[in-house]
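Student: For the sequence shown, the numbering used here begins at 3 and goes up steadily by one. The beta-carbon is built from N, C-alpha and C at its ideal position, and this holds for glycine as well. Below: one structure in structure tokens.
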Amino acid sequence: MAESAKPTNRLPSRSPSNSTSDGEETLDVLQILSRQRWLIAFLSIAGLAAGVAYALNAQVWYESNAKVLINQASAGLGGDSTGTDMVDEDILANHMELLLSRKIVGEALDPEDVKDEETGELIKREKLIDLPSVLPHLDEKTDAIDYVIDQLSIVRGGDGSAKTARTLNITFTHTDPDDAKRILTAVMSRYQQFLIDQIDQVMSHADKMVQEAKSVVQKNLKEAEDEYLAARRKAPLSFQGEGSSNIYQDRYRRLQDELLDLDIQESTVKTRLARVDETLKEMDGSVDPIDQLDKLALIDSESLERLGVFAGLQMNSANTAEFKAAMPAKAEEARTQITHLLRLTSEKQRLTSVFGPGHPKVQELESEITLVKEFLQDQKDLTSPAEMFGDSALTPEGLLKAYVGFLQHDLAALSERRKELEYLADEAGKEAQTLITYELNDMMLRKAIARQEALFDGVVKQLHDLDTTSELTGYLYEILSIPRTGEKSWPKLPLCGLGGLMLGLFSGLFLAVANDVRDGRFRSAAELDEAIGLPSLGRVGKLNSINQGIKGLIATELSPDAEAFRLGRTVLLPDIRSGKVRAIGFTSPMQGDGKSTVVSNFAVSFSQVGLKVLVIDADLRRPSAHRYFSIGKEDGLCDVLEGRLEIPESIKVTEAENVSVMTAGSSSQTPAELLQSQRLDEVLAVVREDYDLVLVDLPPVLAVSDPVVVMPRLDGGILVVKVANVRRDEVVNTLRRIDSSGGEMLGCMLNAFGAGKKFDSDGGYYGYYKSDYTRPSSSTTRQAAPKAATISSNGRVAE
């Protein structure tokens, strides 16, 4: 069976409190005004009286006004930067500061006497600093100047569409109307005179300063040009002006490079000479010819070539036919090998310097030298110098001594070359420095000329822009309104009266709202109805304890409280019988409001009219329906939602006729998630088919989120309010949460236990209930007596 349509048969309400429209707030304000009307009226009247009394007794103030138009013409000294477009931002602000300065106000109040230019007589000017009307306003910290500045107010711009006009509206407020005019007139006069003096002072010196600047700049430019011409005439021919190269500087660099190379050569020769001297000392005690030949390795390749030529000459003198005939063949061969060794050694030195010691040719020469040395070692007796070369041949020692001579000669040549290069470098340096001096001097002279030309051009432009006859007039100002006798500005009776009235009214409203906000409780059943906007289904005063179980339910009794359930049943029954309402949820703002007790009693009340009723305990966190009907809690809604139990297995029959209960069942750690599941929709669909009415006991709205999850799935809800505990904001927040979730409330059930007299059944909203119609018979009284004793001793309704 599809879910029933939303019910339409409702009791009328004045203002739905679950609405978020502006009407709700207006109704609340009107109720506050109604309750606190005497306080608001008293404070409003008191404020009005205070305002009128202030207007009649306060010091009277008068204000005098003046208006001045300010503009600025181009002075010709700064191009476009001093045009009229700067007036709104800078010039008007400067004039406002000028008018409010101690200089202008002080000189206006205490002006100096002046001499008449024609007669020379001293003209005394009126002094306003000691006016009798000003003196009462002065104290130790405030003098007359400070007082006038404080009472001056300046506003820029005009009125209406002329608000952007370049005007200043000056107002001076004072307690004497005539003195207000005199003081403002003096301030405006001093302000005008100050502008005139400033313009005259600036303009009188402008032309003179520019002309003097032109003469000085022109003279300096001529001097700079003459100095530059004189310097160019004295410059050497090698200087060709800006961008020319310094040939002496280039020559000096080359000579310095050559001196550096000379230092390296001289150091090399000295090192070699020192090593050869040490070798000659060692050879003095050596007789081994092979060792002496090894010492020849100290000779560099170039010197070896020169010594080779020298040795060749000596060998040719000994290589005659007589000498060869006299020498044995082996001696001749030994000498040949020694000569060959010298040549090999020289070649090795040359190749090593060119290719390095690892080159194949160098290694080959090293092998040949080794073989020659081995041969000479075998022919030791024939390799003595005398045997090899004869008496006239050069020995290795002689060759080294000849090498020393060559080195000493080289040192002498290098020294002479050094002297020559140093002289040339010194001369080139002097010439280069002279040329650099000319270059720097030329550069400075050209820059000086450029600066003087720029200054001269600037001065000429200033002279061109400067027009001392028409444009150089500074600020264009015109007095649009002269100061007049002061008019009364304060106090104004209507304004003071209105201000006092508004002050009293706002004070009353503030105190009224504060008092009403402080007291957040409901004062009557009518106030509750108006605040929440829900139909009232009834009011119960005393409910039996949960410990009595099904015997404690009062819906079957003849009492005012039982009649309240019958009233609610009557209101809801048309929609229930028509099928528009099949499932109703019961909730409350907070715990302890009696909603579970109300659910149980409503179930019994509906069963009395023949309806088949099912109570579902959806308060999975604090279930209690099983206790009201004296049944077990196990195998209930939680088990069905978790899939452990089928729906028919979870429904329990109670002692009350036509009333069944689906208890909460097993405890769950995720009750909100279970209630949000699709399984709950299936459960509700099934029980709607099997029962005429389903009553769902839900947790409190402000405690957990479970009610706002379940309420939109039901046909409506009933709010149980215990007025003794709940506050107005709690009830409103509860309805707002339900409304925001999509739930719809059918009505409100009032729990008046512990409330005031306006909720009491003897004289309040439902006072007529206690009458002969509901007075039980004597037999009923005797049966209900024990139960009444239990009710009166239990003040708290358990959930």
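What does a CB cutoff of less than 7 Å around serine 83 pick up in its chain, not counting 5 residues either side in sequence?
Tutor: In the sequence shown, residue 83 corresponds to position 81, counting from 1. In this predicted model, serine 83 has a pLDDT of only 45, less than 50, meaning its place in the structure is not dependable; the value taken from the coordinates is given anyway. Nothing meets the Cβ criterion.
Student: So who's on the other strand from threonine 173, going by DSSP bridges?
Tutor: Here residue 173 corresponds to residue number 171 of the sequence shown, with the count starting at 1. Bridge partners of threonine 173: Asn67, Ser155.
Student: What's the call for lysine 421, buried or exposed, on a 16-neighbour Cβ count within 10 Å?
Tutor: Residue mapping note: residue 421 aligns to position 419 of the sequence shown, counting from 1. That one is exposed.
Student: Look at the alpha carbon of asparagine 73 and the alpha carbon of methionine 190, and state the distance between them as a whole number of angstroms.
Tutor: Within the sequence shown, the letter at position 71 stands for residue 73. Within the sequence shown, the letter at position 188 stands for residue 190. So the two alpha carbons sit approximately 17 Å from each other.
Student: State the DSSP-derived secondary structure class of glycine 718, mapped to helix, strand or coil.
Tutor: Counting from 1 along the sequence shown, the entry for residue 718 is found at position 716. Correct three-state label for glycine 718: strand.
Student: So is proline 138 buried or exposed if we call it buried at 16+ other beta carbons inside 10 Å?
Tutor: Position 136 of the sequence shown, counted from the start, is the residue given in the question as residue 138. It is exposed - the Cβ of proline 138 has fewer than 16 other Cβ atoms within 10 Å.
Student: Are the region 643 to 654 and the region 678 to 698 touching, with three or more C-beta to C-beta distances below 8 Å?
Tutor: Touching, per the Cβ criterion.
Student: Could you have a look at phenylalanine 604 and say whether DSSP puts it in helix, strand or coil?
Tutor: The residue you call residue 604 lines up with position 602 of the sequence shown. Phenylalanine 604 falls in the helix class under three-state DSSP.
Student: Under a three-way DSSP split, which group does aspartate 112 fall into?
Tutor: Within the sequence shown, residue 112 is the residue found at index 110, counting from 1. The answer is coil: DSSP assigns aspartate 112 none of H, G, I, E or B.
Student: Using only CA atoms, which one of Leu497, Arg104, Val728 lies nearest to leucine 58?
Tutor: Start at 1 with the first residue of the sequence shown, and residue 58 comes out as number 56. Comparing Cα-Cα distances from leucine 58 to each of Leu497, Arg104, Val728, the minimum goes to Leu497.
Student: Report the partner residues of tyrosine 479 according to the DSSP bridge assignment.
Tutor: By 1-based counting over the sequence shown, the position of residue 479 is 477. Partner(s): Ile72.
Student: Could you name the residues that DSSP lists as bridge partners for phenylalanine 588?
Tutor: Translated into positions along the sequence shown, residue 588 becomes position 586. DSSP, once it has assigned bridges, lists Asp699, Ile720 as partnering phenylalanine 588.
Student: Just how far apart, CA to CA, sit leucine 474 and tyrosine 193?
Tutor: The residue labelled residue 474 in the question sits at position 472 within the sequence shown. The residue labelled residue 193 in the question sits at position 191 within the sequence shown. In this prediction, leucine 474 scores a pLDDT of 42, lower than 50, which makes its location untrustworthy; no coordinate-derived value is stated.
Student: By the 10 Å Cβ neighbour count, where 16 or more other Cβ atoms means buried, how is alanine 605 classified, buried or exposed?
Tutor: One-based indexing of the sequence shown puts residue 605 at position 603. It counts as buried.
Student: Run through the DSSP bridge pairs and tell me what methionine 190 is partnered with.
Tutor: Translated into the one-based positions of the sequence shown, residue 190 becomes position 188. Looking at the DSSP assignment, methionine 190 forms no beta bridge with any residue, so it has no partner.
Student: Just to confirm before moving on: does the CB-CB distance between alanine 188 and alanine 95 stay below 7 Å?
Tutor: Counted from its first residue, the sequence shown places residue 188 at position 186. Counted from its first residue, the sequence shown places residue 95 at position 93. Taking 7 Å as the Cβ cut-off, alanine 188 and alanine 95 do not qualify as a contacting pair.
Student: Please determine, among Gln258, Leu101, Asn735, Leu737, the residue with the shortest C-alpha to C-alpha distance to glycine 431.
Tutor: Locating residue 431 in the sequence shown gives position 429, counting from the first residue. That would be Gln258, whose Cα lies nearest to the Cα of glycine 431.
Student: Taking only the alpha-carbon atoms, compute the straight-line gap between alanine 276 and leucine 442 and give it to the nearest angstrom.
Tutor: Taking the first residue of the sequence shown as 1, we reach residue 276 at position 274. Taking the first residue of the sequence shown as 1, we reach residue 442 at position 440. Whole-angstrom Cα-Cα distance: 50 Å.
Student: Start and end of the alpha helix (DSSP H) containing asparagine 96?
Tutor: On the sequence shown, position 94 is the one that residue 96 refers to. Unbroken alpha helix (DSSP H) run through asparagine 96: 94 to 101.
Student: For a test of the three-state rule: what should DSSP assign to lysine 117, helix, strand or coil?
Tutor: In the sequence shown, residue 117 corresponds to position 115, counting from 1. Here lysine 117 sits in strand by DSSP.
Student: Given that a residue counts as buried once 16 or more other Cβ atoms are within 10 Å of its Cβ, and exposed if not, what is alanine 182?
Tutor: Residue mapping note: residue 182 aligns to position 180 of the sequence shown, counting from 1. By the 10 Å Cβ count, alanine 182 comes out buried.
Student: With a CB to CB cut of under 8 Å and the five nearest residues on each side skipped, what residues in its chain are close to isoleucine 45?
Tutor: The count along the sequence shown starts at 1 and reaches residue 45 at position 43. Before going further, note that residue 45 is leucine rather than isoleucine in the sequence given. Around leucine 45: Gly506, Leu507, Ser509, Gly510, Leu513.
Student: In this structure, what does DSSP give as the bridge partners for leucine 616?
Tutor: The residue given as residue 616 occupies position 614 in the sequence shown. According to DSSP, which records beta bridges pairwise, leucine 616 is partnered with Ser662, Val696.
Student: Judging by CA-CA distance, which residue of Trp63, Phe631, Asp115, Ser679 is the nearest neighbour of glutamate 657?
Tutor: One-based indexing of the sequence shown puts residue 657 at position 655. Comparing Cα positions, the closest option is Phe631.
Student: How about valine 661 and serine 609: are their beta carbons less than 7 Å apart?
Tutor: Here residue 661 refers to the residue found at position 659 when the sequence shown is read from its first residue. Here residue 609 refers to the residue found at position 607 when the sequence shown is read from its first residue. Yes. Within cutoff.
Student: Check glutamate 532 in the structure and name its three-state DSSP category.
Tutor: For the purposes of this step, residue 532 is taken as the residue at position 530 of the sequence shown. Glutamate 532: helix per DSSP, three-state reduction.
Student: Excluding five sequence neighbours on each side, which residues of the same chain lie with their C-beta closer than 8 Å to the C-beta of leucine 264?
Tutor: Within the sequence shown, the letter at position 262 stands for residue 264. Excluding positions up to five away in sequence, the list reads Leu416, Arg419, Arg420, Leu423.
Student: Is the beta carbon of arginine 144 less than 7 Å from the beta carbon of tryptophan 63?
Tutor: In the sequence shown, counting from the first residue as 1, residue 144 sits at position 142. In the sequence shown, counting from the first residue as 1, residue 63 sits at position 61. For the record, residue 144 in the displayed sequence is threonine; it is not arginine. No, Cβ-Cβ distance for threonine 144 and tryptophan 63 is not below 7 Å.
Student: Which whole-angstrom value is the C-beta distance of valine 711 and valine 600, which I expect to be below 8 Å?
Tutor: As a first step, residue 711 is located in the sequence shown; it is residue number 709 there, counting from the start. As a first step, residue 600 is located in the sequence shown; it is residue number 598 there, counting from the start. About 21 Å separates the two Cβ atoms, so there is no contact after all.
Student: Would you call the region 691 to 710 in contact with the region 587 to 595, where contact means no fewer than 3 C-beta pairs closer than 8 Å?
Tutor: Enough Cβ pairs lie closer than 8 Å, so yes.
Student: Counting only the same chain and skipping the five closest in sequence on each side, list residues whose C-beta sits under 6 Å from that of alanine 172.
Tutor: Residue mapping note: residue 172 aligns to position 170 of the sequence shown, counting from 1. Note that residue 172 is isoleucine in the sequence shown, not alanine. For isoleucine 172, where only same-chain residues beyond five positions count, the Cβ hits under 6 Å are Ala68, Ile156.
Student: Please report how far the alpha carbon of aspartate 252 lies from the alpha carbon of glutamine 435, in whole angstroms.
Tutor: To locate residue 252, count along the sequence shown from 1; it is residue 250. To locate residue 435, count along the sequence shown from 1; it is residue 433. Straight-line Cα distance between these residues: approximately 12 Å.
Student: Verify whether the separation of the beta carbon atoms of glycine 499 and glycine 49 is less than 7 Å.
Tutor: On the sequence shown, residue 499 is found 497 positions in, with the first residue counted as 1. On the sequence shown, residue 49 is found 47 positions in, with the first residue counted as 1. Contact flag unset, no.
Student: Between leucine 622 and proline 673, how many whole angstroms is the CB-CB distance? I'm expecting something under 8 Å.
Tutor: Looking up residue 622 in the sequence shown gives position 620. Looking up residue 673 in the sequence shown gives position 671. Yes, leucine 622 and proline 673 are in contact; Cβ-Cβ is about 4 Å, under 8 Å.
Student: Look at the alpha carbon of alanine 627 and the alpha carbon of proline 537, and state the distance between them as a whole number of angstroms.
Tutor: Indexing the sequence shown from 1 puts residue 627 at position 625. Indexing the sequence shown from 1 puts residue 537 at position 535. Cα to Cα, the separation comes out at about 25 Å.
Student: In angstroms, rounded to a whole number, what distance separates the CA positions of leucine 344 and isoleucine 301?
Tutor: Within the sequence shown, numbered from 1, the residue matching residue 344 stands at position 342. Within the sequence shown, numbered from 1, the residue matching residue 301 stands at position 299. Straight-line Cα distance between these residues: approximately 11 Å.
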